[in-house]
Amino acid sequence: MTPRTIRIGLLGCGNVGGALVPLIEAQSDVIEARTGLRLEITRLAVRNMSKDRGTELADGVLTRDAHDVVTDPDVDLVVEVIGGIEPARELIATAIKAGKPVVTGNKELLANVGAELFELADEHGVDLLFEAAVAGGIPLIRPLRESLLGEPVTRVMGILNGTTNFILTKMSEEGAEYGEALAEAQELGYAERDPTADVEGYDAGAKAAIIATIAFGTKVVAGDVYHEGISGITAAD
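Each residue of the sequence shown is one higher than the one before, counting from -3 in this note's numbering.
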């Protein structure tokens, strides 16, 4: 049987998008065998048109105009990995209004304006999926939304930020100072060059807001979540 092709419009090709492009190509046969679907990136919005993407892309795939991607009639599914609230919100809304399902891992967006986008998706009868926004590749969102529908959730516990966990482990188990542990985390690629979102608790707060909204059936935005960073902690603490 001929597989059905899902034509993907990808917004952004930084660290996440840049890894996704060759991954889709490498895993396409496995995905097709398991699902009967063939994934194909047909449009890709980027800032740098000449940068090597790690795989061959057909002419016409790359564009600097993200609006071309979300309005393209030949795009079946939009994947947003540009991050931040704007222009991601406007682009996702445009895609939804065009009847295109959207996949995003943008926790900042969802923790602040997710409710309005989910409402918009419901109005237009399309999916807005976001498993990668919390816990990376670990299934969490779908089990909370589907597998535990008949179970009351009273508490959610977990390590929400791997960067701070690495730093605090280094400090507590090896006696490293904060700056030393942070530098190692950055060298290993666990921490961003600007680690503020991680070490000051913004990342964990956004994840907590998303999880709380789903687990407890109430609207929680990032601003509702108290967070305190670890930058003031010393090895003596």
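In this text, a Cβ means the ideal position worked out from N, Cα and C, and glycines have one as well.
The beta carbons of D220 and A205 sit about 7 Å from each other, so the pair counts as a contact at 8 Å. In this structure the segment 70 to 81 does not touch the segment 162 to 176; the number of beta carbon pairs closer than 8 Å is below three. About 16 Å separates the Cβ atoms of G5 and R43, ruling out a contact at the 8 Å cut-off. With contacts defined by Cβ atoms closer than 9 Å, T159 and D199 form a contacting pair. The C-alpha of E119 lies about 51 Å from the C-alpha of D233. Annotation: G32 to R0 spans about 7 Å, alpha carbon to alpha carbon. In this structure, R60 sits away from V17, with a CB-CB distance that is not shorter than 9 Å. If you ignore the 5 residues before and after V57, its C-beta comes within less than 7 Å of the C-beta of I37, T38, R39 and L40, all in its own chain and listed in chain order.
Inter-residue distance for Q23 and T230 is about 44 Å (C-alpha atoms, whole angstroms). For a cut-off of 8 Å, the C-beta gap from L116 to I92 is around 5 Å, short enough to register as a contact. Under a 10 Å Cβ-count criterion, M167 is classified as buried, with 16 or more other Cβ atoms of the shown protein chains found around its own Cβ. According to DSSP, I81 shares a beta bridge with no other residue.
Residues of the same chain with a CB within less than 8 Å of the CB of A218, apart from the 5 flanking positions on each side, are E104, A107, N108, Y198, G201, A202 and A205 in chain order.
Excluding its 5 nearest sequence neighbours in each direction, A211 has C-beta neighbours in its own chain below 7 Å: L140, V149 and V152, listed in chain order.
Runs of the alpha helix (DSSP H) lying entirely within the segment 43 to 71, each at least 4 residues long, are 62 to 66 in chain order. Counting along the chain, the unbroken beta strand (DSSP E) around I37 starts and ends at L33 to A41. Residue state for L6 is assigned as strand, using DSSP reduced to three classes. Membership of V195 in any beta strand (DSSP E) is not indicated; the residue belongs instead to the alpha helix (DSSP H) covering T192 to V195. When the alpha-carbon of E183 is set against those of H63, E170, I163 and A208, the nearest one is in I163. The continuous alpha helix (DSSP H) containing E176 extends over residues Y174 to E183. Residue environment: V65 is assigned as buried (16 or more neighbouring CB atoms within 10 Å of its CB, all protein chains considered).
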